[in-house]
Every structure is written in structure tokens, then in C-alpha cells.
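Step one of this worksheet: look at the structure below.
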Amino acid sequence: MFSYCVDPKTLEGLMWLSCYVTTAKHMSFYFSFLVVMGLLSLAAPLAMAFGFAGATASRSTFRIIRSLGKGYLAMIRGIPDIVFFLFIPIALDQAFEYLRHKVLCSDVTEPIRQGNDFVVCAAAKLPLNTASEWVHDIYGFSLALLAFGFVFGAFAGNVLSGAMAAVPKSQIETGEAYGFSQSQIFRRILIPQMWIYALPGLSNLWMILIKATPLLFLLGIEDIVYWAKELGGIKTGVYEYPHPDWRAWYFGVLMIFYLSLTYLSQSVLDKISTRLSQGQATMAGKAG
Amino acid sequence: MSSCFQTLSDYGLRSIGYGERLLPKADITLCEQFVLIGSGMIWNIYFAVLALLLGFFFATVLALGKNSNLFPFSAPCRLFIFIFRGSPLFIQFFFAYDLFVLLPRLGFDIDLGFLVVTVETRWLTKAWLGALMVLFFNTSAYAGEIFYGALRAVPSQDLESADAFGFTGIKKFRRIIWPTMLRLAWPSYTNEAIFMFHATTLVFFTGFPAWQQKGDAIYYASYLADKTFNPFVPYPIVGLYFILLTLLIIGLFGLINRRLNKHLPTNERKRLRFNKYNLIR
Numbered sequence: 473m474f475s476y477c478v479d480p481k482t483l484e485g486l487m488w489l490s491c492y493v494t495t496a497k498h499m500s501f502y503f504s505f506l507v508v509m510g511l512l513s514l515a516a517p518l519a520m521a522f523g524f525a526g527a528t529a530s531r532s533t534f535r536i537i538r539s540l541g542k543g544y545l546a547m548i549r550g551i552p553d554i555v556f557f558l559f560i561p562i563a564l565d566q567a568f569e570y571l572r573h574k575v576l577c578s579d580v581t582e583p584i585r586q587g588n589d590f591v592v593c594a595a596a597k598l599p600l601n602t603a604s605e606w607v608h609d610i611y612g613f614s615l616a617l618l619a620f621g622f623v624f625g626a627f628a629g630n631v632l633s634g635a636m637a638a639v640p641k642s643q644i645e646t647g648e649a650y651g652f653s654q655s656q657i658f659r660r661i662l663i664p665q666m667w668i669y670a671l672p673g674l675s676n677l678w679m680i681l682i683k684a685t686p687l688l689f690l691l692g693i694e695d696i697v698y699w700a701k702e703l704g705g706i707k708t709g710v711y712e713y714p715h716p717d718w719r720a721w722y723f724g725v726l727m728i729f730y731l732s733l734t735y736l737s738q739s740v741l742d743k744i745s746t747r748l749s750q751g752q753a754t755m756a757g758k759a760g
Numbered sequence: 357m358s359s360c361f362q363t364l365s366d367y368g369l370r371s372i373g374y375g376e377r378l379l380p381k382a383d384i385t386l387c388e389q390f391v392l393i394g395s396g397m398i399w400n401i402y403f404a405v406l407a408l409l410l411g412f413f414f415a416t417v418l419a420l421g422k423n424s425n426l427f428p429f430s431a432p433c434r435l436f437i438f439i440f441r442g443s444p445l446f447i448q449f450f451f452a453y454d455l456f457v458l459l460p461r462l463g464f465d466i467d468l469g470f471l472v473v474t475v476e477t478r479w480l481t482k483a484w485l486g487a488l489m490v491l492f493f494n495t496s497a498y499a500g501e502i503f504y505g506a507l508r509a510v511p512s513q514d515l516e517s518a519d520a521f522g523f524t525g526i527k528k529f530r531r532i533i534w535p536t537m538l539r540l541a542w543p544s545y546t547n548e549a550i551f552m553f554h555a556t557t558l559v560f561f562t563g564f565p566a567w568q569q570k571g572d573a574i575y576y577a578s579y580l581a582d583k584t585f586n587p588f589v590p591y592p593i594v595g596l597y598f599i600l601l602t603l604l605i606i607g608l609f610g611l612i613n614r615r616l617n618k619h620l621p622t623n624e625r626k627r628l629r630f631n632k633y634n635l636i637r
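Protein chains in written order, with the working numbering: chain C, 473 to 760; chain U, 357 to 637.
Structure below.
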């Protein structure tokens with residue numbers, strides 16, 4: 473980075489440190505913080521979409537759709553989220569390759585599952601063997617994103633269905649009395665009124681989502697945990713910047729990063745909550 | 357079927373080091389998957405039960421500390437709760453493990469004059485103690501916050517009645533404040549207990565190594581998914597085990613909830629229902 477960094481062995485103190493923290497690998501480390509933020513900003517709306525679909529399905533008048541929706545919302549309470557994070561990306565990957573194999577290589581008659589192997593033709597591989605590195609990265613990230621959307625969608629679905637149930641029944645009945653159709657009631661009465669009930673749960677969920685982002689590491693993505701392990705490990709004399717085991721320091725930095733992120737989020741969410749409860753017929757509204 | 361009994365005796369206690377040492381490598385049967393993953397559940401139950409039992413008491417202390425008017429008491433409790441609730445458990449595991457690895461090098465020699473004793477810190481780098489400590493601190497912080505919220509919500513009339521009857525100090529706390537606090541906190545605390553069981557699945561994916569492949573349920577599930585290249589069997593098995601465990605927790609905590617609400621008139625008793633739009637964690 474700096475001109476004096478050419479021979480780091482001769483450097484000492486702050487000069488050494490300034491060169492050390494600006495190596496190419498450290499730049500990748502800093503970039504992975506952006507990956508975390510990117511994941512957060514994409515996973516949150518995706519989870520809301522999944523959650524909204526789940527909550528709506530669980531109120532459906534069709535029995536099959538209703539039980540599907542209820543099952544989706546209930547399973548997250550019983551099964552640890554890590555199971556989904558490990559299961560969904562590999563299951564989706566196999567499902568995509570299976571479908572592509574059926575379509576693209578219909579002439580191959582051998583079964584896909586051969587004992588302990590999962591064999592698809594070369595054209596069905598995702599991403600293709602010939603694809604460049606960044607395509608693999610994007611594909612991996614997208615699978616991870618879907619897993620986050622699915623898991624947090626179930627959490628959000630619980631929050632939203634609870635909030636929908638909390639809207640006073642008389643409001644719905646008033647709508648019916650005025651001759652609103654079911655979909656009009658849903659759009660004009662239920663949805664606008666449920667947000668205030670959903671807010672505490674959704675804020676809580678946002679915090680859970682922030683704290684779930686390091687799980688990206690489990691999905692084989694080069695995220696902040698990966699780089700912290702990589703950079704912090706013992707570097708012997710063969711490296712340009714030898715140092716002892718510094719992993720505890722690197723993870724300390726990650727702790728501080730997450731603590732400031734949650735602290736900042738909490739103060740913003742508190743402000744929003746105060747703002748939204750103004751004029752509401754609740755204790756918070758009256759007190760404010 | 358008899359071969360499944362054989363598998364049960366071979367792998368039933370594999371996760372704690374009894375029975376067959378070698379894990380199945382090829383032609384893995386459904387029975388082997390069920391038994392091996394079930395064996396791993398021993399660790400999940402061990403971690404969660406101990407962390408929750410110990411954490412329950414520490415959480416009460418933290419809640420009282422945070423509620424204290426004295427700064428020297430409240431500040432450390434607030435900081436502790438903030439740190440453990442504000443950062444991901446995943447990172448806490450890594451941080452703690454790497455800290456524990458460094459410990460012996462920092463030097464812990466105790467000079468007794470006639471001989472020098474080196475305090476054993478290497479146990480802390482083993483999952484059974486190190487990870488348990490992290491989980492214990494973590495659940496204490498979350499439960500502490502729940503208890504603190506409940507403590508603030510104890511009705512002032514209850515406290516006034518206690519004063520009127522001459523209850524003071526320890527007696528007032530043990531007979532009036534504590535039971536009410538628990539009753540108010542119980543639904544959220546049940547939620548926390550469920551999340552704690554789920555959180556134990558992180559242990560062997562973080563810094564703590566599974567020594568001699570003695571791992572928890574999800575460790576074996578991912579091992580089997582790797583070997584068979586088929587995620588559709590082992591992960592649903594883990595899911596099934598955890599659903600059963602969750603139902604068990606809800607049943608057990610429901611019984612305690614009934615006892616905590618016993619004195620109330622029937623129409624005021626709260627059944628243990630989850631506050632759906634206010635997930636706590």
C-alpha cells in the first residue's frame with residue numbers, strides 16, 4: 473500500500489502495523505464486512521416476503537394452503553436454524569442439478585443416485601465447470617441468501633401472523649358492515665393496522681438476523697469469520713508479516729463490530745417505536 | 357432388526373466414547389443414521405441442561421444487579437448483559453476458544469515456595485467445559501434480561517401489601533418478588549430454553565474441536581450427509597429429534613407454569629402460550 477512497505481522485515485512499530493493492516497488479504501477482510509452488510513440488506517426484504525406469504529397462507533380458507541403455511545411457521549420453533557442453514561443450500565443445489573439433468577441430458581439413462589454418489593452430466597452442473605471464480609462465489613452466496621430468507625421468513629411469518637391476529641376483530645367486522653370484500657378488508661384494514669403490533673417482534677427479529685450473519689461461514693463463504701481465522705492464525709518466518717496466534721484479537725474486533733451494529737440498531741429501533749406509538753391508545757402512546 | 361440392536365450397542369454411546377470407535381464409512385443404513393445422530397443428542401442435552409440450570413441462578417443475580425440503584429452493582433451487570441446479548445453466540449465461541457488457547461501461554465504458575473504448580477487451563481479448550489462456559493454466560497445474559505423485565509413489571513400493589521404485612525429483605529424477595537417475577541417471565545423463559553437447546557448445535561462448528569469424532573447430533577448429521585452425499589436423510593432425522601425435544605421442554609415448562617399460576621383465580625391463569633409477535637432472543 474505505502475511506498476515504504478516494500479521490505480516489511482526492516483520495519484518496526486507503527487510503520488510495520490500500517491503496512492500489515494493494508495495488505496491485499498486485509499483488504500479482502502475489510503471487503504467481507506461489506507458482504508455482511510449486503511447479506512443483511514438483501515435477506516431482510518426476502519425474509520419479509522417469505523414471512524408475509526407464510527402468514528397469509530396460514531390464514532387461508534383453503535385447508536391445504538393453510539396447513540402448509542402453519543407447518544412452515546411452526547417448524548422453525550422445533551428445529552434449530554443451523555439444520556436449515558446446512559440443509560437448504562445443498563438440497564437446493566441438488567434439486568437444481570437434478571432438474572437440469574432431466575431437461576438437458578434426457579438421453580442419459582444411468583440413475584443420478586449411484587450408491588453414495590450424486591452424478592449428473594457435465595452440462596447440468598451448477599455452476600458449469602468452465603465458469604469463472606466469481607460465478608461460483610455469486611452462486612454460493614445466492615444459495616446462502618435463500619437459506620437466510622427461508623429461515624427468517626418463518627420467524628417473520630410468526631411475528632406477522634401474531635400481529636394480524638392482534639388487530640381488533642371489530643375493525644374487520646366494521647369493514648364487512650360497509651360491504652368490503654375479503655381482499656379489500658385484507659388490504660385496507662388488516663395490513664395497515666397490523667404494523668404497530670408487528671413492530672416489537674420485527675425489531676427483535678432484525679437483531680436476531682444481525683447475530684445470525686456469521687453463520688455464512690458454515691456455508692463455505694469467505695466471510696469475516698473465515699478471514700479472521702485466516703489472518704489471525706500463526707504466521708511463521710516464511711510469511712512477509714510473521715506474528716504469533718492473533719485469532720483472539722481478530723475475533724475481538726468482530727465482537728466490537730457486532731456490538732456496535734446491534735447498539736446502533738437498537739437506538740434507531742427505539743426511536744421508530746416511540747415515533748409510531750405517538751397517539752396510539754396504548755401505555756407507551758399515552759406516556760409519550 | 358437384530359442388526360439394528362447390534363448397531364445400537366455399537367454406536368448408542370459413541371458420542372461419549374463407548375462402543376465402536378470407527379464410524380461407518382460405506383453402505384450406511386437408516387438405523388445407523390438414527391442411532392449415531394441420537395447418540396450425538398447426548399451432548400446437546402448435556403450442554404443445554406447444565407447451562408440452563410446454572411444460568412437460571414446467575415440470571416436472577418444479574419437481573420437483581422441490573423435493577424439495583426447502586427452504580428457499582430448495576431454497571432457490571434448491564435455491561436455483561438449487553439456484551440452477551442449484543443454479539444453473536446457464534447463469534448463468542450470463537451473468541452472464547454482462542455482466548456482459552458492463549459491462556460497457558462500467559463502463564464499461570466503458582467509459586468508455593470517449595471514447588472511451582474501450573475494451573476491446568478487446558479480443560480477450558482475442551483468443548484465439555486469451554487463451550488459449556490460460553491453457553492452458560494450466554495443464557496445467563498438472555499435470561500437475566502428477561503428476568504429484569506419481569507422484575508420491573510411486578511405490580512406495585514404486591515410490594516405494598518408485602519410492606520403492610522411486615523415482609524422485609526430476603527423474606528420479601530423469596531416469598532413475594534421472586535415468585536411473581538418468575539410467573540411473569542415464564543413464557544419468555546420457556547422460549548429462551550428452547551433457543552438454548554437449538555444453540556447447542558453451534559458448539560462443534562466453532563473453534564471447539566470434536567475430539568476423536570465425539571460430536572453432537574448435528575456434527576454426525578453433517579458427517580453422514582458428507583459421506584452419503586444425501587442431505588435428505590440425516591438432516592430430517594436431526595429435525596425430528598429436536599421437535600421431540602422441543603415438545604418435551606414445552607410440556608415440562610408448562611407444568612412449572614401451572615404451579616407458578618396456581619394461586620390465581622382460574623380466569624386469570626395464563627396458559628403457556630407463545631407470545632407470537634414478540635419473539636424474545
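Note that CB positions come from ideal geometry on N, CA and C, so glycine has one too.
Check                                                                                                                                                                                                  : Outcome
Cutting at 6 angstroms between CB atoms, please list the residues of its own chain near U/R434, excluding the five before and the five after it.                                                       : K422
Considering only their Cβ atoms, is the gap separating U/I439 from C/L726 smaller than 8 angstroms?                                                                                                    : no
C/G705: which of C/F723, C/F505, C/D695 and C/L486 sits nearest, CA to CA?                                                                                                                             : C/F723
Exposed or buried, which one is U/I502 when buried takes at least 16 other CB atoms within 10 Å?                                                                                                       : buried
Would a check of beta-carbon distances place U/F598 closer than 8 angstroms to chain C?                                                                                                                : yes
Examine chain C for any beta-carbon lying closer than 8 angstroms to the beta-carbon of U/V457, and answer yes or no.                                                                                  : yes
Please state the DSSP three-state secondary structure of U/D582.                                                                                                                                       : helix
Hey, how far is the Cα of C/M487 from the Cα of C/T495?                                                                                                                                                : 13 angstroms
Alpha carbon to alpha carbon, how far is C/V623 from U/S395? Give it in angstroms, no decimals.                                                                                                        : 26 angstroms
Over what stretch of residues does the alpha helix (DSSP H) that includes U/W484 continue unbroken?                                                                                                    : Unbroken run through U/W484: none, as it is neither H nor E.
How far does the alpha helix (DSSP H) with U/N547 in it extend, from its first residue to its last?                                                                                                    : W534 to A555
Give every residue of the same chain whose Cβ lies closer than 7 angstroms to the Cβ of U/I437, excluding the five residues on either side of it in the sequence, and list them in chain order.        : L418, K422, A497, G500 and E501
I think U/F492 touches U/L410, with their Cβ atoms under 8 angstroms apart; what is that distance to the nearest whole Å?                                                                              : 5 angstroms
Could you give the DSSP three-state label for U/K570: helix, strand or coil?                                                                                                                           : coil
I need the DSSP call for U/P621, collapsed to helix, strand or coil.                                                                                                                                   : coil
Who are the near neighbours of C/F568 in its chain, counting only those whose CB is closer than 6 angstroms to its CB and skipping five residues on each side?                                         : L598
Would you verify that the beta carbon of C/L558 is, or is not, closer than 8 angstroms to some beta carbon of chain U?                                                                                 : yes
Just to confirm, is the Cβ distance from C/L677 to C/K497 under 8 angstroms?                                                                                                                           : no
Buried or exposed: C/E484, going by 16 or more other Cβ atoms within 10 Å of its Cβ?                                                                                                                   : exposed
Using a cut-off of 8 angstroms between C-beta atoms, extract the partners of C/V697 located in chain U.                                                                                                : F446, I447 and F450
With a threshold of 8 angstroms on Cβ separation, who are the neighbours of C/A759 within its own chain once the five nearest residues in sequence on each side are excluded?                          : Residue placement at C/A759 cannot be trusted, given a pLDDT of 46 that sits under 50; the coordinates are not used to answer.
Assuming C/L741 and C/S675 make a contact with CB atoms under 8 angstroms, what is their CB distance in whole Å?                                                                                       : 4 angstroms
With 8 angstroms as the threshold, decide whether the Cβ of U/F561 is near any Cβ in chain C.                                                                                                          : yes
Taking its Cβ as the centre, do 16 or more other Cβ atoms sit within 10 Å of U/R668, making it buried, or is it exposed?                                                                               : Nothing can be reported for residue 668 of chain U, as the shown portion of chain U is limited to 357 through 637.
Starting from the C-beta of C/A595, find all residues in its chain whose C-beta is less than 7 angstroms away, skip the five residues before and the five after it, and write them out in chain order. : L576 and C577
Does the distance from the C-beta atom of C/Y765 to that of C/Y492 stay below 8 angstroms?                                                                                                             : There is no way to answer for residue 765 of chain C, as the model of chain C reaches only from 473 to 760.
Looking only at C-alpha atoms, which of C/I682, C/T708, C/I551 and C/Y711 sits nearest to C/F729?                                                                                                      : C/I682
Looking only at its chain, what residues have a beta carbon closer than 7 angstroms to the beta carbon of U/Y367, apart from the 5 residues adjacent to it on each side?                               : G375, E376, E388, V391, L392 and S395
When burial is assigned at 16 or more other CB atoms within 10 Å of the CB, is U/S359 buried or exposed?                                                                                               : exposed
Taking 6 angstroms as the limit between beta carbons, can you name the residues of its chain near C/L687, skipping five residues before and five after?                                                : F557
In the region 568 to 589 of chain U, which residues sit with their C-beta less than 8 angstroms from some C-beta in chain C, listed in chain order?                                                    : I574, A577, S578, A581, K583, T584, F585, N586, P587 and F588
Report the option in U/P380, U/F551, U/F427 and U/I372 whose CA atom is closest to the CA atom of U/L408.                                                                                              : U/F551
Just checking: is the beta-carbon of C/P552 within a distance shorter than 8 angstroms of some beta-carbon in chain U?                                                                                 : yes
For C/G526, which residues in the same chain have their Cβ closer than 7 angstroms to its Cβ, ignoring the five residues on either side in sequence?                                                   : G541, Y544, L545, G625, A626 and G629
Going along chain C in order, which residues have a C-beta closer than 8 angstroms to the C-beta of U/L558?                                                                                            : I554
Examine the Cβ distances between the region 546 to 554 of chain C and the region 605 to 614 of chain C and report whether three or more of them are shorter than 8 angstroms.                          : no
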